[in-house]
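Only one structure is covered here, and it is reproduced in the block below.
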Amino acid sequence: MEVNDARKQLFAQKSRNLENFHPTQAALKQHIKRTCYQAICWNQTLTKNPEMPEPSDWVDVDPLPTGDVPVPIVTVASTSVGDVDECDVHSDWCDTTNGVCTNLPGSFSCSCTAGYELDMDGRTCNDVDECGVHLDSCDPTNGVCTNMPGTFNCSCTAGYVLDMDGRTCNDVDECGFHLDSCDPTNGVCTNMPGTFNCSCTAGYVLDMDGRTCNDVDECGVHLDSCDPTNGVCTNMPGTFNCSCTAGYVLDMDGRTCNDVDECGVHLDSCDPTNGVCTNMPGTFNCSCTAGYVLDMDGRTCNDVDECDVHSGSCDTTNGVCTNIPGTFNCSCTAGYELDMDGRTCNEGVLCGSVMCVNGGECGTTEGNVKCQCPQGYAGEDCGTEPLETRLVNGSGAFEGRVEVYYQGSWGTVCDDLWNTVNSNVVCRSLGYITAAGDYVTRTNVFGNGTGDIILDNVQCVGTETNIAFCPHVGYGNHNCGHDEDVGVICAEPLEIRLVNGNGAFEGRVEVYYQGSWGTVCDDLWNTLNSNVVCRSLGYPQATDFFRSADKFEEGTGNIILDNVECVGNETNIAFCRHAGYRNHNCKHYEDVCVICAENPVDGAVGGDLCGSVICLNGGQCDMTNDAPICTCPSGYEGVDCVTVTTQSRSSGGRVIWRWS
1 MEVNDARKQL
11 FAQKSRNLEN
21 FHPTQAALKQ
31 HIKRTCYQAI
41 CWNQTLTKNP
51 EMPEPSDWVD
61 VDPLPTGDVP
71 VPIVTVASTS
81 VGDVDECDVH
91 SDWCDTTNGV
101 CTNLPGSFSC
111 SCTAGYELDM
121 DGRTCNDVDE
131 CGVHLDSCDP
141 TNGVCTNMPG
151 TFNCSCTAGY
161 VLDMDGRTCN
171 DVDECGFHLD
181 SCDPTNGVCT
191 NMPGTFNCSC
201 TAGYVLDMDG
211 RTCNDVDECG
221 VHLDSCDPTN
231 GVCTNMPGTF
241 NCSCTAGYVL
251 DMDGRTCNDV
261 DECGVHLDSC
271 DPTNGVCTNM
281 PGTFNCSCTA
291 GYVLDMDGRT
301 CNDVDECDVH
311 SGSCDTTNGV
321 CTNIPGTFNC
331 SCTAGYELDM
341 DGRTCNEGVL
351 CGSVMCVNGG
361 ECGTTEGNVK
371 CQCPQGYAGE
381 DCGTEPLETR
391 LVNGSGAFEG
401 RVEVYYQGSW
411 GTVCDDLWNT
421 VNSNVVCRSL
431 GYITAAGDYV
441 TRTNVFGNGT
451 GDIILDNVQC
461 VGTETNIAFC
471 PHVGYGNHNC
481 GHDEDVGVIC
491 AEPLEIRLVN
501 GNGAFEGRVE
511 VYYQGSWGTV
521 CDDLWNTLNS
531 NVVCRSLGYP
541 QATDFFRSAD
551 KFEEGTGNII
561 LDNVECVGNE
571 TNIAFCRHAG
581 YRNHNCKHYE
591 DVCVICAENP
601 VDGAVGGDLC
611 GSVICLNGGQ
621 CDMTNDAPIC
631 TCPSGYEGVD
641 CVTVTTQSRS
651 SGGRVIWRWS
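What the sequence shown shows, in the UniProt record's numbering, is residues 1 to 660, in sequence order.
This is the structure in structure tokens:
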């Protein structure tokens, strides 16, 4: 028989792939000898062929094949018996269910159908467990192999589905196919390989069951960001809301609670007339102005009857207390006058039909019986007290809006009938020599005041020491608005010099203002202005002036004055009317120049003081209509008789210059 046939018979049960199986040499020799000599196959004893030689006469087949070396065909002997088809005669020798019988010359072999393997007995077909020996082709990661008779089935683990190829396991997108059990309202499904995860939208937390989304009580677990002091947290499905306690309002950020200024936005219920609202954190308090007391309701302000409570502190002997809303007034019985303290009643001095007060004495003036008032008082009965005065909103204390202090507060003065005389009284009461010109600031260059308008229609005569002593329509009486608040500029003498000339008596006019020297513009400049400059420098008068800088060159620095208009009696250029310090429309080629007379001209000499001027050149001071004036000799004119007339000196005419 052939060696390969022997090999197949011996090891058919070991593998369905017989061509790859290689028995040992010893096993193969033994099988060939046993089979051919004894003719023993499948536990059957056959009749010996008498023509076959003894086994010792057989030749060993050496070497037997190993590995991939082909097995040669060896013919051992031949028999005289015809081949028997064992498969046909004994069809049950091989497995009748899954076996396949193959007749061979002088023998047969059993094999198995796919999915089965031959047993060691060479006949029985046993099912091959493809799953156990990993002969299956199921998905190695997520596949499940199930052995079946003669075959196997592939399935998949949970979360995977078998592909059309019957082998591959594809992930099931539970979220996409709605196979998940996540919370349908607030849950979020996330697909994972072979499974899925449930999570929750903001404001919800996943339950222990891994599916349900429970609302987070941000307020209860302090996850809110509401104002920790005055905020109120209200839990809502999936979120929360912040609100505020009474007296607070929620900020734009939706978290912070800001205090409501009930007073500022008029949410308070304090007395609208005499109440004072004070804002407090989350609330407000009501109080009352002086002279009122807070009612039990905490809102209303009731008038205090000072006269009933403590007689208003009026003079208990000769005083009379009169209650008025919020305060009281003291007056005195006949024969007594109220002291400056507003409380005490002093015995007065009867002067004609008037009771002189404040220390006034009764006397005769120009044949009339009048009260002679002590310094600081004025009026028919000396009852007028001076008003504290100030200038505000200017560049210094010398200028600004006129304000007076009356009954505990500062108020303004209306510009109706205002003139230079009034300005001079204000400036003198503040310690200045005079006002710098006729400053009636109807355009209100010093801004609108606030508070009350105290005075209106003020008409001073010029001798008063305080604006309170000038006639007016009464304190608080007016028909004005704050756009009519009067302003005044008081004059302080300016240091003056003439530069670039041949001596101190001539040159370009310069004044010293706020720490530096500056020039004067020639607009409106005339002889009167020049004379004031020369007299302030100690010279009697000017002999010439120039409306340009050509004579003594242009100056540098600031231009201090412009539109200067002197009347001639001023002792300093600062006291002349002008456009205001550093207020001009000029260039330095317009710097004014002056030449002063080095010696007195035409016998000009000092004279008597006449009001606020000195009459020169023989002028005499006379009272005309209760006003002092200089009466000038022939050939001179002006308020101080310093200007030489163009008339003949022999004319003998006298010129009278009035001033007010």
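The C-beta atom is built at its ideal place from N, Cα and C for all residues, glycine as well.
For L391 against R401, the beta-carbon gap comes to about 7 Å, under 8 Å, which counts as contact. The shortest CA-to-CA distance from Y248 to any of G291, R299, D259 and N477 is the one to D259. A direct Cα-Cα distance of roughly 56 Å separates P493 from V309. In this structure H472 is buried. Its beta-carbon is surrounded by 16 or more other beta-carbon atoms within 10 angstroms. The beta carbons of C460 and V421 sit about 5 Å from each other, so the pair counts as a contact at 8 Å. Judged by DSSP in its simplified three-state form, A290 adopts coil rather than helix or strand. For R508, the CB contacts under 6 Å within the same chain, skipping 5 residues up- and downstream, are V499, N500, F552, G555, D591 and C593 in chain order. Nearest neighbour of F575 by Cα position, chosen from F398, G447 and C480, turns out to be F398.
Taking each of G352, V354, S269 and S331 in turn and checking the Cα distance to N346, the smallest one comes out for S331. Here DSSP, grouped into helix, strand and coil, assigns C427 to helix. DSSP places C534 in the uninterrupted alpha helix (DSSP H) bounded by T527 to S536.
Annotated three-state conformation of C182 is coil, per DSSP. By the neighbour-count definition (other C-beta atoms within 10 Å, threshold 16), A549 is a buried residue.
With respect to V413, L455 sits close: the two C-beta atoms are nearer than 7 Å.
Taking N569 as reference, the option from F240, S536 and W525 with the minimal CA-CA separation is S536. Under the three-state reduction of DSSP output, S225 falls in the coil class, being neither helix nor strand.
V349 sits away from D381, with the two beta carbons spaced by 7 Å or more. Sequence-distant partners of N186 (beyond 5 residues in either direction) whose C-beta falls short of 7 Å from its own C-beta, in its chain, are C200, T201, Y204, C213 and G238.
Residue environment analysis places Q514 among the exposed positions, since fewer than 16 neighbouring C-beta atoms fall within 10 angstroms of its C-beta. Under the three-state reduction of DSSP, A574 is assigned to helix. Only residues of its own chain outside the window of five on either side were considered, and among them Q372 have a CB closer than 6 Å to the CB of E361, listed in chain order.
Contact check for V304 against G291 passes: the beta carbons are separated by less than 7 Å.
In the three-state reduction of the DSSP assignment, E117 falls in the strand class. Within the UniProt domain "EGF-like" (303-346), the runs of beta strand (DSSP E) that reach at least 3 residues and sit entirely inside it are, in chain order, 319-324, 327-332 and 336-338.
Pairing C169 with C182 gives a Cβ-Cβ distance that is not under 7 Å. Under the three-state reduction of DSSP output, D456 falls in the coil class, being neither helix nor strand. Straight across, the Cα-Cα distance linking V567 with N558 is about 25 Å. Taking C-alpha positions only, D562 is separated from V532 by approximately 15 Å.
At the C-beta level, G411 and G474 stay beyond 7 Å of one another. The criterion of a C-beta distance shorter than 7 Å is not satisfied by V404 and T384.
Here E86 carries a helix assignment [DSSP, helix/strand/coil]. Within the same chain, C198, S199, C200 and C213 come within 7 Å of L206 by CB-CB distance, once the 5 residues on both sides are set aside. For W517 against F545, the beta-carbon gap comes to about 19 Å, at or over 8 Å, which does not count as contact.
Closest in alpha carbon position to S137, among C156, P272 and V216, is C156. The DSSP-derived three-state label of E380 is coil. When the beta-carbon positions are compared, S429 and N466 come within less than 7 Å of each other.
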